[in-house]
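What follows is a short report on a single structure.
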Amino acid sequence: MSHPGQPPPSPPDADAPQHVLTFTVSPALESDLPDTIDLFTRYANSLHIDLAFQAFAEELAGLPGRYAPPTGQILLARRVTTAPPPPPSELVQGTDSAAAAVVAALTPLPARAGARGWADASANTDESAISSRSGDMSRTSDGSGEAVGCVAVRGITLATGYGSAGVRRCEMKRLYTVPSTRGRGVGRELVARALEVAREIGYEEMYLDTLPSMTAALEMYERFGFERTEAYYHNPHEGVVFLVKRL
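Mapping to full-length UniProt numbering: the sequence shown position 108 is 108, numbers consecutive.
Right under this line is the structure:
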């Protein structure tokens with residue numbers, strides 16, 4: 001049974017190599033600060049634009065900042081390298097095939113504040129693990145190994161006159177996966193988890209912006225039900241695509 005708003009699984013590509021990448025997705029802890037800064041910095045460098053208009057340097061210096069629970073969350077994906085591996089039902093397994101199955105069922109993810117606004121370490125246990133899901137993909141909150149991706153959620157307030165009053169809105173930011181993992185389900189899993197975090201917090205709409213050159217990302221967002229909308233904040237760069245999704 002598919003979660004509302006999520007794309008249906010695509011049929012597998014029989015000709016594609018099925019090199020399995022096993023990874024976890026979990027809330028960032030205070031101890032994850034170095035990896036978070038590294039991934040956020042890689043994200044910024046990959047855009048080839050100046051993010052000074054978003055006060056990006058200040059954002060890095062003040063992490064988790066606006067992404068802190070209970071109104072936000074930073075999620076990290078990690079490659080599983082420890083042995084023996086956890087049970088298959090607790091892992092995320094992506095493949096090189098772009099047709100890897102997408103999340104079919106999601107369990108609510110608690111968002112609890114810990115030291116300095118990071119996720120509480122107690123949230124990084126089986127209590128918040130997600131282990132029931134159709135297809136060959138599932139996941140756990142127990143991160144291990146190399147950090148290979150990130151995404152963040154934060155609350156936003158739109159300018160007066162934009163959108164309906166009284167709607168709780170959030171923004172998805174800093175979605176990034178390292179090049180060696182692209183096309184293997186990491187980005188899709190991060191987006192799915194970010195949407196689940198937003199729903200669990202109680203947001204009703206999620207916004208994001210991206211560059212028109214990022215065609216693969218745009219296609220993925222559209223498969224998740226995002227729709228194009230007018231600019232919801234000032235971005236000085238030309239051609240930026242603004243998207244919104246009802247949660």
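All residues carry an ideal CB built from backbone N, CA and C; glycine is no exception.
- If you draw a 10 Å sphere on the C-beta of Y43, you find 16 or more other C-beta atoms in it, and that means buried.
- The beta carbons of E204 and V167 sit about 5 Å from each other, so the pair counts as a contact at 8 Å.
- DSSP places F53 in no alpha helix (DSSP H); its state is neither H nor E.
- Counting of Cβ neighbours within 10 angstroms places T81 among the exposed residues, the total staying below 16.
- Burial is judged here by how many other beta carbons sit within 10 angstroms of a residue's own beta carbon; V197 has at least 16 and is buried.
- T24 is bridged by DSSP to R78.
- Excluding the 5 residues flanking it on each side, A194 has same chain C-beta neighbours closer than 7 Å at L75, V151, V153, M172, in chain order.
- In terms of Cβ geometry, V148 and F23 form a close pair [threshold 8 Å].
- Every unbroken stretch of the alpha helix (DSSP H) spanning 4 or more residues and falling wholly within the region 163 to 211 is given here in chain order: 186 to 201.
- Put simply, of I201, D35, V244, R184 the residue whose alpha carbon is nearest the alpha carbon of Y221 is V244.
- Counted as a single uninterrupted DSSP element, the alpha helix (DSSP H) harbouring T215 occupies residues 215 to 223.
- 8 Å or more divides the Cβ of M206 from the Cβ of L158.
- When DSSP states are grouped into helix, strand and coil, E30 belongs to the helix group.
- Listed in chain order, the non-local C-beta contacts of V241 below 6 Å within the same chain comprise T210, P212, local neighbours out to five positions each way being set aside.
- Residue pairing by DSSP places F242 opposite D209, T229 in a beta bridge.
- The C-alpha of G202 lies about 27 Å from the C-alpha of N235.
- Separation of V25 and A231 (C-alpha to C-alpha, rounded to the nearest whole angstrom) is 30 Å.
- Counting along the chain, G155 sits inside the beta strand (DSSP E) bounded by residues 147 to 156.
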